[in-house]
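Novice: Sharing a structure below in structure tokens format, with a few things to ask.
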Amino acid sequence: LAKTTQPISMDSYEGQEVNITCSHNNIATNDYITWYQQFPSQGPRFIIQGYKTKVTNEVASLFIPADRKSSTLSLPRVSLSDTAVYYCLVGDPIKAAGNKLTFGGGTRVLVKP
Amino acid sequence: NAGVTQTPKFQVLKTGQSMTLQCAQDMNHNSMYWYRQDPGMGLRLIYYSASEGTTDKGEVPNGYNVSRLNKREFSLRLESAAPSQTSVYFCASSEGTDSSYEQYFGPGTRLTVT
Chain A
46 LAKTTQPISM DSYEGQEVNI TCSHNNIATN DYITWYQQFP SQGPRFIIQG YKTKVTNEVA
106 SLFIPADRKS STLSLPRVSL SDTAVYYCLV GDPIKAAGNK LTFGGGTRVL VKP
Chain B
30 NAGVTQTPKF QVLKTGQSMT LQCAQDMNHN SMYWYRQDPG MGLRLIYYSA SEGTTDKGEV
90 PNGYNVSRLN KREFSLRLES AAPSQTSVYF CASSEGTDSS YEQYFGPGTR LTVT
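Respectively, the protein sequence lines represent chains A and B. So the first sequence is numbered by this note's numbering: it starts at 46 and just counts up by one. So the second sequence is numbered by this note's numbering: it starts at 30 and just counts up by one.
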């Protein structure tokens, strides 16, 4: 089970790009990297998932270097509504049920006006 | 299409009381999960069900039982509530395939045990 390490908190301003890096030194060959967003009093929401290189969707980009020992979630031009906790999750989707699903402490992102 | 629904939204129990948290999904998902989230912490997996008819323990199963009633419903039971079980409980579901790691979460049940 790959342990993840991410910053506890980050501050940013509206319109800026926010980059959150997650370390996962013991990532396994079949593991994917997934990011979730959680607003207060709500369940987490899936943002993006990747295996290697770069993945982009309508809300974020995920950069994964060749050694896959870390990954960076990039949120372009954040707004106040992007204030949330962001979780990095590493695991094997084939064995996705149960013990492979571990949420760490997350990164609290505060977007200021 | 309501997604994942949970009942109740709030509950207060006295130590030793029992209760069942209900969860249902209408996305025809194979896998369902129960998590707890303590204040300021990440989510911890209690139990999961990879498919209808199967259940298994997660990271923190002690003090809980689950039932996968059918493909749609997955309930969590506290037989004898303890103050340490005060938490927010989230149910989630996923397709359970090897191509997606995306889980859909319900709105949560806020439980207080006094």
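Positions of the beta carbon are idealized from the N, C-alpha and C atoms, including for glycine.
1. Compare the C-beta of residue 104/A against all C-beta atoms of chain B and say whether one is closer than 8 Å.
2. For the region 48 to 80 of chain A, which residues have a beta carbon sitting closer than 8 Å to at least one beta carbon of chain B?
3. Among the residues of its own chain, which have a CB less than 6 Å from the CB of residue 51/A, if the five just before and after it don't count?
4. Evaluate the contact criterion for the region 77 to 93 of chain A versus the region 39 to 51 of chain B: three or more CB pairs, one atom per stretch, below 8 Å.
5. Could you pull out every residue in the same chain whose Cβ sits closer than 6 Å to the Cβ of residue 80/B, ignoring the five residues on either side in sequence?
6. For the region 118 to 129 of chain A and the region 55 to 72 of chain A, state whether three or more C-beta atom pairs, one from each stretch, are separated by less than 8 Å.
7. With distances taken Cα to Cα, identify the nearest neighbour of residue 53/A among 82/A, 150/A, 64/A.
8. Can you give me the Cβ contacts of residue 109/B inside the same chain, cut-off strictly under 6 Å, excluding the 5 residues immediately before and after it?
9. Could you work out which residue in 72/B, 99/B, 70/B is closest to residue 84/B when comparing CA atoms only?
10. Determine the extent of the beta strand (DSSP E) in which residue 99/A is found, giving its start and end residues.
11. Short of 8 Å in beta carbon distance, which residues of its chain neighbour residue 105/B, apart from the five on each side in sequence? Order them along the chain.
12. Identify whether residue 143/A lies in helix, strand or coil by the three-state DSSP scheme.
13. Output the distance between the C-alpha atoms of residue 111/B and residue 102/A, rounded to the nearest integer angstrom.
14. Could you have a look at residue 125/A and say whether DSSP puts it in helix, strand or coil?
15. Please name the residue or residues paired with residue 64/B in a DSSP beta bridge.
16. At which residues does the beta strand (DSSP E) containing residue 54/A begin and terminate?
Specialist: So, from the listed chains and residues:
1. No, because no Cβ of chain B sits closer than 8 Å to the Cβ of residue 104/A.
2. For the region 48 to 80 of chain A, residues whose beta-carbon sits nearer than 8 Å to a beta-carbon of chain B comprise 77, 79.
3. 67, 133, 152
4. Cβ pair count under 8 Å is below three, so no.
5. 59
6. yes
7. 150/A
8. 45
9. For the residues 72/B, 99/B, 70/B, the minimum Cα distance to residue 84/B belongs to 99/B.
10. It spans 98 to 101 - the beta strand (DSSP E) in which residue 99/A sits, taken as one unbroken run.
11. 49, 50, 52, 63, 75, 76, 93, 94, 95, 118, 120
12. Interpretation of residue 143/A is limited by its pLDDT of 46, a score under 50 that renders its predicted location unreliable; the figure taken from the coordinates is listed afterwards. Reduced to three states, the DSSP call for residue 143/A is helix.
13. 43 Å
14. Residue 125/A: helix per DSSP, three-state reduction.
15. 74/B, 119/B
16. 54 to 58
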